[in-house]
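>
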Amino acid sequence: MTPLRQVPRLLRIAATLVRYRLDDLVEGAHLYRPIRWLRPLLPRPRANIAQLPRGARLREALIELGPIFVKAGQILSTRRDLLPADIADELSLLQDRVPPFPGAQARAMIEAALGAPIATLYKSLDETPLASASIAQVHAAQLPDGHDVVVKVLRPCIHEKIAADITLLRALGELAQRWHPAADKIRPRDIVTEIETTLTNELDLQREGANASLLRRNFAVGEDLLVPEVFWPHSAQSVLTLERVRGIAVDDLAALDAAGIDRIALAEKGVRLFYTQVFRDNFFHADAHPGNIWVDATRKQNPRFIALDFGIMGSLPERDQYWLAENFMAMFERDYRRIATLHIAAGWIPANARVDELEAAVRTVCEPYFTRPLSEISLAEVVAKLFSVARRYQLTLQPQLILLQKTLLNIEGIGRSLHPQIDIWATAKPVLAQILRERRSPRRILRKIRERMPEWIATAPEMPQLVHAFLKKAADGDFDTTRAVELEQRERLARAQRRQLAVLPLAAASLLSAALLYAFDNHGGQCLHVPVSAWIALAVSAASFAVAWRRGRN
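0 is the number of the first residue of the sequence shown in numbering that gives the first Met the number 0; add one for each residue after it.
#1: If you run the structure through DSSP and keep just helix, strand and coil, what is Lys-447?
#2: For Asn-291, does the count of other Cβ atoms within 10 angstroms reach 16, so buried, or fall short, so exposed?
#3: Ignoring anything shorter than 3 residues or poking outside the segment 284-352, list the beta strand (DSSP E) runs there in chain order.
#4: When the Cα atoms are used, what is the spatial distance from Ser-474 to Gln-464?
#5: To which residues of the same chain is Val-69 closer than 7 Å at the C-beta, ignoring the five residues directly before and after it?
#6: Using the C-alpha atoms, what's the distance from Ile-448 back to Arg-58?
#7: What are the start and end residues of the alpha helix (DSSP H) that includes His-158?
#8: Is it buried or exposed, Glu-267, if we count other Cβ atoms within 10 angstroms and call 16 or more buried?
#9: Is it buried or exposed for Ile-348, if we count other Cβ within 10 angstroms and need 16 for buried?
#10: Given Arg-337, which residues of its chain have a CB within under 7 Å of its CB, disregarding the five upstream and five downstream residues?
#11: Looking only at its chain, what residues have a beta carbon closer than 6 Å to the beta carbon of Pro-289, apart from the 5 residues adjacent to it on each side?
#12: Across which residues does DSSP place Ala-139 in a beta bridge pair?
#13: Could you give the first and the last residue of the continuous beta strand (DSSP E) run that contains Leu-241?
#14: Would you call the CB atoms of Arg-18 and Val-149 closer than 8 Å?
#15: Could you check whether Gly-414 and Ile-246 sit closer than 8 Å to each other, using their CB atoms as the reference points?
#16: Where do the ends of the alpha helix (DSSP H) carrying Lys-122 lie?
#17: Using C-beta distances below 6 Å, list every residue in its chain close to Ala-258, excluding the 5 sequence neighbours before and after it, in chain order.
#18: Please classify Phe-309: is it buried, with 16 or more other beta-carbons within 10 angstroms of its beta-carbon, or exposed?
#19: Only counting the same chain, and skipping five residues up and downstream in sequence, which positions put a Cβ closer than 6 Å to that of Ile-67?
#20: As a quick exercise: from Leu-120, Asp-422, Ala-112 and Ala-105, pick the residue whose alpha carbon is nearest that of Ala-130.
#21: What first and last residue would you give for the alpha helix (DSSP H) that runs through Thr-275?
#22: Any idea if Glu-366 is buried or exposed, counting beta-carbon neighbours within 10 angstroms, 16 or more meaning buried?
#23: From Arg-231 to Ile-117, what distance separates their C-alpha atoms?
#24: Could you tell me the distance, in whole angstroms, from the CA atom of Phe-278 to the CA atom of Glu-207?
#25: Just verifying my parser: in three-state terms, what is the DSSP assignment at Ala-425?
#26: What's the C-alpha gap between His-29 and Glu-325?
#27: Three-state secondary structure (DSSP) at Ser-131?
#28: First and last residue of the alpha helix (DSSP H) that includes Leu-113?
#29: Would you kindly report the start and end of the unbroken alpha helix (DSSP H) that includes Ser-234?
#30: Can you tell me the Cα-Cα spacing of Glu-26 and Cys-156, whole angstroms?
#31: Output yes or no for whether 8 Å exceeds the beta carbon distance between Asp-85 and Gly-54.
#32: Compute the Euclidean distance between the alpha carbons of Ala-14 and Arg-20, then round it to the nearest angstrom.
#33: In the DSSP output, what is Ala-555 paired with across the bridge?
#34: Reducing DSSP to helix, strand and coil, say where Leu-21 ends up.
#35: What residues in its chain sit with their C-beta under 6 Å from that of Lys-122, if we drop five residues either side in the sequence?
#36: CB-CB under 7 Å to Ala-339, same chain, minus the five flanking residues each way: which ones, in chain order?
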């Protein structure tokens with residue numbers, strides 16, 4: 000569908016905003032300003048709409064516009080620092096109070112999906128929903144064996160409604176790709192594709208069940224995060240049956256205080272959980288608004304969270320995960336030069352950018368915020384300054400990081416609510432440092448080498464030819480120099496590579512020997528459950544790589 004054919008949909012959105020007396024929002028958007036001239040032609044607001052406060056009118060308008068707009072309202076509801084209190088209160092109702100569809104219809108949909116009558120599947124099923132959201136609604140039930148469960152069922156015709164909104168977003172993305180001056184950096188088509196993939200995944204409740212199972216395994220001990228059990232015989236693509244859990248909504252501060260929950264410990268644990276999910280497990284809850292995060296009321300001094308709704312989970316490519324972790328550590332240590340070099344090395348900033356200028360720009364943005372509590376930090380101000388730097392250095396927006404950015408937004412909103420004076424930097428740094436130490440431990444490295452060994456053995460016959468071709472290019476100086484800016488730098492790089500080649504074969508052979516000894520030496524002495532012979536080979540390899548690295552720098 001072409002962007003031109005989406006004009007009626009855009010007009011309907013604007014008309015809905017005007018009909019709910021949200022005229023100031025319409026006039027504030029450049030795209031919709033012409034609509035104000037059509038206001039006399041639009042139907043007058045009904046009396047029941049006109050008397051509603053502005054927050055309620057906005058909430059009702061978002062519900063009428065569809066699931067994507069409801070999702071946007073859910074995200075915004077966590078940002079009380081950016082919204083007036085009355086609007087934030089109303090938008091928070093979107094989290095679990097979207098008008099439900101009839102319980103009898105839900106019962107029929109469950110029977111159709113699971114292929115059996117309700118009386119056979121469940122001992123009881125309450126047709127009055129516990130919660131009703133933009134994608135699905137939840138009913139209380141009990142299994143024949145007495146387990147208390149909840150049954151989540153998709154809303155009727157939700158696939159068609161989502162498809163219509165995605166088509167609109169795709170049309171807007173095409174317009175932005177064609178006319179926005181920074182389209183090559185913003186990559187609107189990729190962003191729309193990422194949103195479409197996320198929503199499509201959320202419509203598959205069997206996938207959500209698999210997400211819940213994996214997250215439950217990652218936190219099997221249950222000290223910090225409780226994840227409900229999935230009952231697979233009672234689940235399908237449009238129906239999901241989960242263990243029923245009970246707790247306090249994370250934004251219900253009065254109830255948390257009445258239960259004696261340590262909110263400071265809870266806020267700090269939330270930050271640690273975020274970094275653990277992202278950097279230890281590379282699998283994080285990406286829809287962490289207050290409606291999906293509860294608190295276990297039975298744990299007062301050592302509180303724990305309860306996770307709900309696993310339709311939107313995130314993971315990052317290993318390369319992005321590495322660059323993010325290194326950037327976070329550099330930021331925690333205020334190493335702005337490393338932040339600049341990491342951005343260039345990751346390909347987020349063009350290679351011809353001057354490192355010293357980028358370092359100064361990052362320092363200017365970040366330095367004022369490190370010693371201030373979260374309550375005094377305006378994220379909107381930081382983001383505005385960072386985007387100003389991004390425009391200057393042509394930052395390439397990474398669509399695969401959209402979910403992580405959204406999660407950071409939610410986590411900051413929850414952290415601000417629980418403990419306004421929390422020091423995010425001081426809380427997060429030791430957690431991330433410990434995770435990175437574990438990822439870089441010799442035992443983990445050897446295990447990764449052992450996993451890659453079959454692939455290396457398969458490609459080993461090709462190595463002599465590849466080495467010969469590399470040496471010939473090194474001798475001829477025939478390297479790809481597209482990222483170099485001066486001939487002298489290319490020549491210096493070639494000389495450094497030739498010096499490194501004298502040592503790298505020994506380093507690689509020692510590393511391979513260490514992996515083989517780790518895998519097959521079961522009779523020699525061991526240290527930390529690793530054969531001593533493997534340690535020796537690993538030490539030789541590390542020393543050789545260190546020599547090669549130093550030669551490459553000289």
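Every residue, glycine too, gets a C-beta built ideally from N, C-alpha and C. Quick caveat, the model's predicted, so the values are computed rather than measured.
On the basis of the coordinates in this document:
#1: Annotated three-state conformation of Lys-447 is helix, per DSSP.
#2: It is buried - the Cβ of Asn-291 has at least 16 other Cβ atoms within 10 Å.
#3: If you keep only unbroken beta strand (DSSP E) runs of at least 3 residues inside the segment 284-352, you get 292-294 and 304-306.
#4: One point to set straight first is that residue 474 is Ala, not Ser, in the sequence displayed. Each residue's alpha carbon lies about 15 Å from the other.
#5: Cβ neighbours of Val-69 beyond the five flanking positions: Leu-61, Ile-62, Leu-93, Val-97 and Ser-133.
#6: Spanning the two alpha carbons is a distance of roughly 53 Å.
#7: Run containing His-158: 157-178, per the alpha helix (DSSP H) assignment.
#8: Looking at its Cβ environment, which holds 16 or more other Cβ atoms inside 10 Å, Glu-267 is buried.
#9: By the Cβ-count criterion, Ile-348 is buried, with 16 or more other Cβ atoms from all chains shown falling within 10 Å of its own Cβ.
#10: Cβ neighbours of Arg-337 beyond the five flanking positions: Ala-329.
#11: Correct list, in chain order: Ala-248, Val-249 and Asp-250.
#12: DSSP output for Ala-139 lists Val-149 as bridge partner(s).
#13: Annotation: the continuous beta strand (DSSP E) that includes Leu-241 extends over 238-242.
#14: Arg-18 places its beta carbon 8 Å or farther from that of Val-149.
#15: Correcting the residue identity first, residue 246 is Gly in this sequence and not Ile. Contact: no.
#16: Per DSSP, Lys-122 lies in no alpha helix (DSSP H) segment and is marked neither H nor E.
#17: Ala-296.
#18: Taking all protein chains shown into account, Phe-309 has 16 or more neighbouring C-beta atoms within 10 Å of its C-beta and is therefore buried.
#19: Excluding its 5 nearest sequence neighbours in each direction, Ile-67 has C-beta neighbours in its own chain below 6 Å: Asp-164, listed in chain order.
#20: Closest option to Ala-130, Cα to Cα, is Ala-105.
#21: Thr-275 -> no alpha helix (DSSP H), and no H or E assigned at all.
#22: Looking at its Cβ environment, which holds fewer than 16 other Cβ atoms inside 10 Å, Glu-366 is exposed.
#23: Note on identity: in this sequence residue 231 is Trp, with Arg being the wrong assignment. Between Trp-231 and Ile-117, the C-alpha separation is close to 16 Å.
#24: So the alpha carbons of these two residues sit roughly 21 Å apart.
#25: The three-state secondary structure of Ala-425, taken from DSSP, is helix.
#26: With a pLDDT of 47 at His-29, under the threshold of 50, the modelled position of this residue cannot be trusted; read the value that follows with caution. About 39 Å.
#27: Looking at Ser-131 - three-state DSSP - the assignment turns out to be strand.
#28: Judged by DSSP secondary structure, Leu-113 falls within the alpha helix (DSSP H) whose first and last residues are 102-113.
#29: Run containing Ser-234: none; DSSP gives neither H nor E here.
#30: For Glu-26, the predicted structure reports a pLDDT of 49, less than 50, and the residue's modelled location is therefore unreliable. The matter cannot be settled from this model.
#31: For the 8 Å CB-CB criterion, Asp-85 and Gly-54 form a contact.
#32: The alpha-carbon separation between Ala-14 and Arg-20 amounts to approximately 10 Å.
#33: Within the shown structure, residues of the chain are numbered from 0 to 553, placing residue 555 beyond reach of any answer.
#34: Here Leu-21 sits in coil by DSSP.
#35: Around Lys-122: Gln-141 and Pro-143.
#36: The answer, listed in chain order, is Val-354, Leu-357, Glu-358 and Val-361.
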